[in-house]
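Number of protein chains: 2
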Amino acid sequence: MFSALFKYCSQLVSFTREEQQIIESYFSIRQVPKKFTLIQNGKIARELYFINKGLLRLYYTKDTEDITAFIFREHLFASSYDSFLRQAPSIQGLDTLEDAELLVITYDDLNTLYKKVPRMEILARKIAEQRFINAQLILSSYILDSPEERWKKFEATNGDLLLRVPHHMIASFLGITPVSLSRIRKRLQGS
Amino acid sequence: MFSALFKYCSQLVSFTREEQQIIESYFSIRQVPKKFTLIQNGKIARELYFINKGLLRLYYTKDTEDITAFIFREHLFASSYDSFLRQAPSIQGLDTLEDAELLVITYDDLNTLYKKVPRMEILARKIAEQRFINAQLILSSYILDSPEERWKKFEATNGDLLLRVPHHMIASFLGITPVSLSRIRKRLQGS
DNA sequence: AAATTTTCTTTACAAAAGTTAATGAAACCC
DNA sequence: GGGTTTCATTAACTTTTGTAAAGAAAATTT
Numbered sequence: 001m002f003s004a005l006f007k008y009c010s011q012l013v014s015f016t017r018e019e020q021q022i023i024e025s026y027f028s029i030r031q032v033p034k035k036f037t038l039i040q041n042g043k044i045a046r047e048l049y050f051i052n053k054g055l056l057r058l059y060y061t062k063d064t065e066d067i068t069a070f071i072f073r074e075h076l077f078a079s080s081y082d083s084f085l086r087q088a089p090s091i092q093g094l095d096t097l098e099d100a101e102l103l104v105i106t107y108d109d110l111n112t113l114y115k116k117v118p119r120m121e122i123l124a125r126k127i128a129e130q131r132f133i134n135a136q137l138i139l140s141s142y143i144l145d146s147p148e149e150r151w152k153k154f155e156a157t158n159g160d161l162l163l164r165v166p167h168h169m170i171a172s173f174l175g176i177t178p179v180s181l182s183r184i185r186k187r188l189q190g191s
Numbered sequence: 001m002f003s004a005l006f007k008y009c010s011q012l013v014s015f016t017r018e019e020q021q022i023i024e025s026y027f028s029i030r031q032v033p034k035k036f037t038l039i040q041n042g043k044i045a046r047e048l049y050f051i052n053k054g055l056l057r058l059y060y061t062k063d064t065e066d067i068t069a070f071i072f073r074e075h076l077f078a079s080s081y082d083s084f085l086r087q088a089p090s091i092q093g094l095d096t097l098e099d100a101e102l103l104v105i106t107y108d109d110l111n112t113l114y115k116k117v118p119r120m121e122i123l124a125r126k127i128a129e130q131r132f133i134n135a136q137l138i139l140s141s142y143i144l145d146s147p148e149e150r151w152k153k154f155e156a157t158n159g160d161l162l163l164r165v166p167h168h169m170i171a172s173f174l175g176i177t178p179v180s181l182s183r184i185r186k187r188l189q190g191s
């Protein structure tokens with residue numbers, strides 16, 4: 001139940017058995033169906049999730065349309081991270097795309113945990129750093145690459161998601177319309 | 001000399017006098033002229049800078065052209081952050097845009113400092129979180145806003161930089177060409 | 001199984017941004 | 001101070017993407 005979590009953490013920080021038990025006691029497990037909204041746009045994200053199973057989608061809502069900000073896979077921490085960190089209303093929503101099993105910790109409990117297990121602070125720093133590096137990577141792709149190049153990279157690194165996620169959600173993640181994605185795919189077919 | 005640094009830090013963590021003295025001992029001060037390259041694309045960023053005075057520009061190089069990734073003002077930490085954190089070759093360069101006064105700490109010294117002043121770990125986490133939130137903000141503007149809207153926001157929040165930074169550097173930060181920026185500015189003049 | 005919704009692609013047209021090149025102004029450098 | 005480089009704007013033309021609408025295929029619901 002917690003094995004994936006500690007496997008992930010152990011790459012960053014090594015916890016003792018005791019620390020692991022304290023950490024476990026602060027997380028709860030939750031089964032969530034497909035298409036379930038975990039964090040609603042405008043509300044404060046009170047919880048942080050570790051994905052044991054399933055797929056989550058972070059998205060902006062512009063006018064009446066959803067724009068994908070990120071797709072979280074198994075064995076990652078997920079949240080509307082900036083709302084969670086600042087405890088301010090979220091400008092993003094977070095939904096399940098598939099039935100999911102999540103480990104859940106609240107903001108307050110996480111801060112208590114920092115005090116009980118100070119090494120947790122190091123883990124949190126490293127996760128924040130990783131998320132920064134990741135955001136930076138996506139941003140640099142927006143800056144440097146054309147939509148076509150972004151699609152190619154997405155296909156190469158996340159090809160499996162093409163079968164699990166509707167294309168229009170990927171299109172908006174790439175910063176283009178489904179129409180444009182369809183054109184790009186057609187263009188590339190030929191070559 | 002260190003007053004701006006501790007003023008900035010005190011918003012995030014409160015250090016004792018002793019801790020401050022240790023921290024000071026790990027930073028050195030450096031005067032750097034305009035147009036000086038602090039971090040070269042392809043090299044590993046070994047240093048982290050706190051800007052006492054001056055303006056720094058982080059940029060990508062695509063083909064022969066520079067594309068601005070970020071402009072750092074006074075009283076901020078600056079580096080090619082992901083290169084510094086991962087100690088991997090940088091895909092960005094960092095230059096001064098003006099004569100600058102910098103407080104400098106190396107990667108190794110920072111890690112020593114984490115051990116001497118554990119509270120520093122909290123500061124580092126919070127700075128990483130802030131930088132993540134910031135990267136997220138820029139990314140969301142790329143996703144949600146048109147170039148015209150991005151320009152308007154830049155003008156509103158960083159209007160002072162328009163006098164300190166050439167427009168073509170701002171244009172590439174906004175993801176457009178100088179030609180396009182000029183058109184946008186003209187379009188908005190009328191309204 | 002039929003009906004409904006969602007997803008994906010295509011077409012035609014409009015709008016925006018890129019490209020190249022030219023011009024004038026400003027800043028910089030011996 | 002004169003010459004050079006850098007910078008900002010404009011124009012003409014091309015390419016790309018967006019928008020709107022329609023139809024086909026797939027998935028979901030009843």
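Protein sequence lines, in the order shown, are assigned to chains A and B.
Each residue of the first sequence is one higher than the one before, starting from 1 at the first, in my numbering.
Each residue of the second sequence is one higher than the one before, starting from 1 at the first, in my numbering.
Beta carbons are placed, not taken as given, at the ideal position from N, Cα and C, and that holds for glycine.
Cβ of residue i within 8 Å of any chain B Cβ
i, result
"isoleucine 39/A", "no"
"arginine 187/A", "no"
"tyrosine 8/A", "no"
"arginine 86/A", "yes"
"tyrosine 60/A", "yes"
"glycine 175/A", "yes"
Straight-line Cα distance separating residue j from residue i
i, j, result
"isoleucine 143/A", "isoleucine 176/A", "14 Å"
"leucine 262/A", "threonine 96/B", "Since the first and last residues shown for chain A are 1 and 191, residue 262/A lies out of range."
"methionine 169/B", "tyrosine 60/B", "11 Å"
"glutamine 21/A", "asparagine 134/A", "30 Å"
"leucine 110/A", "glutamine 130/A", "18 Å"
"aspartate 145/B", "valine 117/B", "42 Å"
"leucine 48/B", "alanine 100/B", "14 Å"
"phenylalanine 173/A", "glutamate 155/A", "13 Å"
Cutoff 8 Å: residue i Cβ touching any chain A Cβ
i, result
"arginine 170/B", "The amino acid at residue 170/B is misidentified as arginine; the sequence shows isoleucine. Chain A, which has no Cβ nearer than 8 Å to the Cβ of isoleucine 170/B, makes this no."
"isoleucine 143/B", "yes"
"aspartate 82/B", "yes"
"isoleucine 226/B", "Outside the displayed range of chain B (1 to 191) lies residue 226/B, so it cannot be described from this structure."
Counterpart residues of residue i in DSSP-defined beta bridges
i, result
"arginine 57/A", "Ile71/A and Asp95/A"
"glutamate 47/B", "Thr106/B"
"threonine 37/B", "Asp95/B"
"glutamate 155/A", "DSSP lists no partner for glutamate 155/A."
"valine 32/A", "Ala100/A"
"glutamate 65/A", "Lys62/A"
"phenylalanine 77/A", "Phe50/A"
"proline 89/B", "Ile44/B"
(request) Give, in chain order, every residue of the region 121–140 of chain A whose Cβ lies closer than 7 Å to some Cβ of chain B. (result) Glu121, Ile122, Ala124, Arg125, Ala128, Glu129, Arg131, Phe132, Ile133, Ala135, Gln136, Ile138, Leu139 and Ser140
(message) Whether or not the region 50–60 of chain A and the region 119–128 of chain A are in contact is what I'm after, with contact meaning three or more pairs of Cβ atoms, one per stretch, closer than 8 Å; do they touch?
(response) no
(request) Could you tell me whether the region 65–80 of chain A touches the region 38–54 of chain A, where touching means 3 or more Cβ pairs closer than 8 Å? (result) Contact between the region 65–80 of chain A and the region 38–54 of chain A is present, because at least three Cβ pairs lie under 8 Å.
(request) Please determine if the region 22–31 of chain B and the region 101–108 of chain B are in contact, where contact requires at least 3 C-beta pairs separated by less than 8 Å. (result) The answer is yes - the region 101–108 of chain B touches the region 22–31 of chain B, with three or more Cβ pairs under 8 Å.
(message) What are the residues in the region 23–35 of chain B lying within 7 Å of chain A by C-beta distance?
(response) none
(request) Report the residues of the region 45–70 of chain B with a CB closer than 8 Å to any CB of chain A, ordered along the chain. (result) Tyr60, Lys62, Ile67 and Ala69
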